[in-house]
Every structure is written in structure tokens, then in C-alpha cells.
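According to our numbering, the residues represented by the sequence shown are -15 to 126, in order.
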Amino acid sequence: MPLISVTRLRVRSWRYLPAFLFDAVRTARQAARSEGNLAVKVLRDAKNTWWTSTCWDSEASMRKFMLMKPHGPAMRKLLEWCDEAALVHWSQPESALPSWTEAHRRMQSEGRISKVLHPSPDHVAFRIAPPTASGRGEVRIK
């Protein structure tokens, strides 16, 4: 049964954006090429916020990707770069990626925060704003 993984990150300062974008492009391409990956899309949202949605053939495939370069080292940088970070995973019968509305709903009901060194008040309270880009900032990579 396919596994869906959704992440939401907010970059806390414009000064981190160039390095973040460089790593984000590399890791999105890495995900698309990774064994077991079925689909990848990214959403550029308001206030330096970025959503990713990926579909995997198994949790093992997703975890292997998470630890490999460039993804693994990039994730450690997010501790400093981001003031909000959250994720959610779920299994579903089909490999279609969810809408951003569904991703947000799942994030709020089943998700969890990730550690950041400079958490915003919304991060601490686990308040996640819905995506506002309505797909205009979406890039389908695979």
C-alpha cells in the first residue's frame, strides 16, 4: 500500500532562502530519482513557507531516501533555518498525491512538529495555516 509523506517548512529569514532553495531543488530531484518513489510535488506558499508531498511504495523506501545525501544533511540545516516544521505520513490504497487542502487537513489531525531551534509561537502551539497559493506555486516533479 503506497505511503504518502507531507512536510511543511517555514524559512524564518530571507537570508536563508538561497541556501534553502538550492538544497530544496537538489532533494526534490533526489526524491524523484529514488528507488520506490512514485510521485513528488512541491508548493511555494506565503510567508516563506514550503510544502512537499511525496508518494512511496513503502516506508522502507522513504526512510532510505531520508538518510541519503543530499536530503539527510539538508534536514539538519533546517533546525537553524526554519521556525516552523511539521510532517505527516499515511498509507492509502492509491498512489495519487493528495490535494493541498487534504494535506493540510491531515497535517492538522494526524501530523507532528519537527524540532527547530527558533520556534515561532504557531510552531509551539501546532497552529498550521492552510496553504494560500491554491496550486499557483505548485511544481510537479514526478
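Note that CB positions come from ideal geometry on N, CA and C, so glycine has one too. Note that the coordinates shown come from a computational prediction; the quantities given were computed from them, not determined experimentally.
In terms of DSSP beta bridges, what is residue i paired with?
{"i": "A70", "result": "R(-8), I97"}
{"i": "A87", "result": "None; A87 has no bridge partner."}
{"i": "S75", "result": "L(-13)"}
{"i": "V24", "result": "T38"}
Buried or exposed, going by whether 16 or more other CB atoms sit within 10 Å of the CB of residue i?
{"i": "K25", "result": "buried"}
Spatial neighbours of residue i within its chain, please: C-beta separation below 6 angstroms, excluding the five flanking residues on both sides.
{"i": "V123", "result": "V26"}
{"i": "Y0", "result": "W65"}
{"i": "R10", "result": "P54"}
{"i": "T36", "result": "T(-9), V26"}
{"i": "A7", "result": "Just to set this straight, residue 7 is Asp in the shown sequence, not Ala. Around D7: A58."}
{"i": "P130", "result": "Absent from the structure is residue 130, since the part of the chain shown begins at -15 and ends at 126."}
{"i": "L81", "result": "A23, K25, S37, C39"}
Comparing alpha-carbon positions, which option in the options lies nearest residue i?
{"i": "A15", "options": "F49, S42, E64", "result": "F49"}
{"i": "K99", "options": "R(-8), A87, L(-13)", "result": "R(-8)"}
{"i": "E43", "options": "Q76, T36, W65", "result": "Q76"}
{"i": "A3", "options": "R60, D41, G95, R17", "result": "R60"}
{"i": "G121", "options": "W(-2), N32, L51, R17", "result": "N32"}
Quick one: residues in its chain with C-beta nearer than 7 angstroms to the C-beta of residue i, no 5 flanking neighbours on either side, listed in chain order?
{"i": "T116", "result": "D29, A30"}
{"i": "I97", "result": "A69, A70, H107, F110"}
{"i": "I112", "result": "R(-8), A70, H88, M91, Q92"}
{"i": "D67", "result": "R(-6), R(-4), V100, H102, P103, S104, H107"}
{"i": "E94", "result": "V72, W74"}
Starting from the C-beta of residue i, find all residues in its chain whose C-beta is less than 8 angstroms away, skip the five residues before and the five after it, and write them out in chain order.
{"i": "F89", "result": "Note that residue 89 is Arg in the sequence shown here, rather than Phe. If we look at R89 and ignore the five residues flanking it on each side, it has no Cβ neighbours."}
{"i": "L63", "result": "K99, V100, L101"}
Do residue i and residue j have their C-beta atoms closer together than 8 angstroms?
{"i": "C39", "j": "S79", "result": "yes"}
{"i": "I(-12)", "j": "H73", "result": "yes"}
{"i": "P(-14)", "j": "L22", "result": "yes"}
{"i": "S45", "j": "E19", "result": "yes"}
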